[in-house]
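Single-structure report; data block below.
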Amino acid sequence: MNRPAGSSPSPPPPPPRLWTPPRGPPLPGSAPGRAPPPLVVKLPYGLEAKKTYKPEVVMKRVNWSKIVPQEMGENCFWIKVKEEKFENPDLFAQLSLTFSSRTKAKKDLDVTDDRMSQFKKKAKELRVLDPKTAQNLSIFLGSFRLPYEEIRDIVLQVDEERLSESLIQNLIKNLPEQKQLSALAELKGEYEELVESEQFGIVMSSVKLLRPRLNGILFKLTFEEQVNNIRPDIMSVTFACEEVKKSESFSKLLELVLLVGNYMNAGSRNAQTFGFNISFLCKLRDTKSVEHNITLLHFLAELCQEKHPEIMSFPDELEHVESASRVPAEILSSSLSNMEKQIQRLESDIKNFPKTDDDQDKFVEKLSISFVKHAREQYEKLSTMHKNMQKLYENMGSFYAFDPHTLSVEDFFGELANFRTLFMDAVKENQKKREMEEKIKRAKLAKEKAEREKQERQQKKKQLIDMNKEGDETGVMDSLMEALQSGAAFRDRRKRTPRNGKPRRTRPSPAHEVQQQQQPQ
Numbered sequence: 149m150n151r152p153a154g155s156s157p158s159p160p161p162p163p164p165r166l167w168t169p170p171r172g173p174p175l176p177g178s179a180p181g182r183a184p185p186p187l188v189v190k191l192p193y194g195l196e197a198k199k200t201y202k203p204e205v206v207m208k209r210v211n212w213s214k215i216v217p218q219e220m221g222e223n224c225f226w227i228k229v230k231e232e233k234f235e236n237p238d239l240f241a242q243l244s245l246t247f248s249s250r251t252k253a254k255k256d257l258d259v260t261d262d263r264m265s266q267f268k269k270k271a272k273e274l275r276v277l278d279p280k281t282a283q284n285l286s287i288f289l290g291s292f293r294l295p296y297e298e299i300r301d302i303v304l305q306v307d308e309e310r311l312s313e314s315l316i317q318n319l320i321k322n323l324p325e326q327k328q329l330s331a332l333a334e335l336k337g338e339y340e341e342l343v344e345s346e347q348f349g350i351v352m353s354s355v356k357l358l359r360p361r362l363n364g365i366l367f368k369l370t371f372e373e374q375v376n377n378i379r380p381d382i383m384s385v386t387f388a389c390e391e392v393k394k395s396e397s398f399s400k401l402l403e404l405v406l407l408v409g410n411y412m413n414a415g416s417r418n419a420q421t422f423g424f425n426i427s428f429l430c431k432l433r434d435t436k437s438v439e440h441n442i443t444l445l446h447f448l449a450e451l452c453q454e455k456h457p458e459i460m461s462f463p464d465e466l467e468h469v470e471s472a473s474r475v476p477a478e479i480l481s482s483s484l485s486n487m488e489k490q491i492q493r494l495e496s497d498i499k500n501f502p503k504t505d506d507d508q509d510k511f512v513e514k515l516s517i518s519f520v521k522h523a524r525e526q527y528e529k530l531s532t533m534h535k536n537m538q539k540l541y542e543n544m545g546s547f548y549a550f551d552p553h554t555l556s557v558e559d560f561f562g563e564l565a566n567f568r569t570l571f572m573d574a575v576k577e578n579q580k581k582r583e584m585e586e587k588i589k590r591a592k593l594a595k596e597k598a599e600r601e602k603q604e605r606q607q608k609k610k611q612l613i614d615m616n617k618e619g620d621e622t623g624v625m626d627s628l629m630e631a632l633q634s635g636a637a638f639r640d641r642r643k644r645t646p647r648n649g650k651p652r653r654t655r656p657s658p659a660h661e662v663q664q665q666q667q668p669q
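In this text, residue positions in the sequence shown follow the working numbering: the first is 149, and each later residue adds one.
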């Protein structure tokens, strides 16, 4: 239909009205004004209503597009499916655990051969422990792979055949706090419902004073190692102090250095010095000769070796300065103090340890009788040795005029050890230098001798073959006569013999062959 120009378009027609079936009369027995009960819709193609599931937790939704039965044809795939054959409690438990709508704390899953038990345990939640503590405990249990009760018995019995430092250290590191262990003990009746780490906590919660017990056992296991680390250090410093102070050769060396230094410093502000800091000894190598081919240290080493051989024994007399230079005095004192605190704590724990009727509990028996007394005696000996060492080092400070509180044991003996090494190296280098000079001297003398002999041989040879260029036979005869008189003409010359031992046949010269041919037959 054609519209006139300039006219506006007509509005679209209204949508067709949807047909709604007329309401029938109310069903018998239904109250007037109430909605009738829902009609049971008959499903096509023999389909039956799907089963209704009731998960124990709120699940995440699957946002699929639903196909209603009325949209299905007779040969539709969905009419023939029998999904119920896959129903399995394990599957539903795993779905509930994995796809619940609430965020759950991460937990370790217990995998067993029984699939039903497997997924039930996976669904367990932590009751007392935080996730990090539970995870650390699980790693610990997986590393040692021992039954929980066996670990408990090892600790209770202080079984030294099965105890290891690593086991106790990891227990102390990963064990829950006592408050958490007490809370877990209240859940003993729900043991099977708990995760592994909390089950282990319940087993260990039955051990009285667990953490103090573990600390005491660890101290027992490491005590001998501590003693063996502390004692050699104390002895090294003690011996070094005694050696330095008693060494006559070292004292003479210091006197010699003082003399040389005062002589070299004459006229300067450092002249007429009464003493010097021990650290100066290592600086002797910094002073070099005019030609820069020798240091003052090398000069003194050679001087001692040639003029004062009694000083050369000082490196042997200072045998322990090297080991003493590696002793950290502060750490040594700290180790002794820590040992005393551990002994005091163990003594207190044993004194306050509650009485028990458990025959397996051997903590008090094994640590109080066989160990604590021994540990106390060993500590007292080490403490006495350490005090003596400190006194000797303080005396060393007075002896060499330095402050032992500011100059550490490591630094003082480090300087001496370094000088000792430098001095011995200088002695070796001087020896190599002398050997090289001697070798060069011998080579020079041998060369000069060889040159003289060569010149003599050439002179004699020249006398034999030297002829007057102008044919002066007199000169030739004089030379021959001189050679005959001196015997040079009769010098023995060794004939060359072939390898097979036969005389070598000489081939006649061409001139000799011609002469033989010209002779009459």
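Here a beta-carbon is modelled for each residue, glycine too, at the ideal position from N, C-alpha and C.
Under the DSSP assignment, residue 608 falls in the alpha helix (DSSP H) whose first and last residues are 557-613. Here residue 316 is actually not in contact with residue 285; their C-beta atoms are around 15 Å apart, not less than 8 Å. Judged by DSSP in its simplified three-state form, residue 436 adopts strand.
One Cα belongs to residue 576, the other to residue 558, and the distance between them is close to 27 Å. With at least 16 other beta carbons inside 10 angstroms of its own, residue 468 counts as buried. Residue 201 has its alpha-carbon roughly 35 Å from the corresponding atom of residue 280. Runs of the alpha helix (DSSP H) spanning 4 or more residues and lying entirely within the stretch 279-308 occur at 279-292, 296-305, in chain order.
Residue 429 and residue 443 do not touch by the CB rule: their CB atoms are close to 13 Å apart, not below 8 Å.
No residue range can be given for residue 220, since it is assigned to no alpha helix (DSSP H) and is classified by DSSP as neither H nor E. The straight-line gap separating the alpha-carbon atoms of residue 364 and residue 474 is approximately 30 Å. Around residue 320, the same chain offers 362 as residues with beta carbons nearer than 6 Å, after the five sequence neighbours per side are excluded.
Each residue's CA atom was taken as its position, placing residue 311 and residue 560 some 43 Å apart. Residue state for residue 443 is assigned as strand, using DSSP reduced to three classes. Comparing alpha-carbon positions, the option among 206, 275, 296, 301 lying closest to residue 510 turns out to be 301.
Contact between residue 519 and residue 368 is confirmed by a C-beta separation of about 5 Å, below the 8 Å threshold. Taking a contact as a CB-CB distance under 8 Å, the pair residue 425 and residue 419 does not count as one, their CB atoms being some 17 Å apart. For the stretch 403-487, the full-length alpha helix (DSSP H) segments reaching 4 residues or more read 444-455, 462-465, 469-472 along the chain. Out of 514, 199, 471, 218, the CA that lies nearest to the CA of residue 306 is found in 514. Within the same chain, and ignoring the five residues on either side of residue 572 in sequence, the residues whose Cβ sits closer than 7 Å to its Cβ are 463.
With at least 16 other beta carbons inside 10 angstroms of its own, residue 534 counts as buried. Collapsing the DSSP output to three states places residue 273 in coil. A direct Cα-to-Cα measurement between residue 492 and residue 327 gives close to 25 Å. With at least 16 other beta carbons inside 10 angstroms of its own, residue 353 counts as buried.
Leaving aside the five residues that flank residue 384 on each side, the residues in its chain whose CB is nearer than 7 Å to its CB run, in chain order, 468, 471, 472, 475. Rounded to the nearest angstrom, the gap between the Cα atoms of residue 480 and residue 386 is 13 Å. By the 16-neighbour rule on beta-carbons within 10 angstroms, residue 584 is exposed. Here DSSP, grouped into helix, strand and coil, assigns residue 339 to helix.
In this model, residue 497 and residue 325 are separated by some 18 Å (Cα to Cα).
Looking at the backbone, the Cα of residue 351 and that of residue 304 are separated by about 12 Å. For the pair residue 595 and residue 417, the Cα-to-Cα distance works out to about 52 Å.
Of 528, 555, 530, the smallest CA-CA separation from residue 541 is found for 555.
Annotated as proximal: residue 549 and residue 423, with beta-carbon spacing under 8 Å.
Following the DSSP letters along the chain, one finds residue 517 in no alpha helix (DSSP H), marked with neither H nor E. Using a 10 angstroms sphere on the CB of residue 553, the tally of other CB atoms stays under 16, which defines it as exposed.
When the Cα atoms are used, residue 499 and residue 512 turn out to be separated by approximately 9 Å. Annotated three-state conformation of residue 361 is helix, per DSSP.
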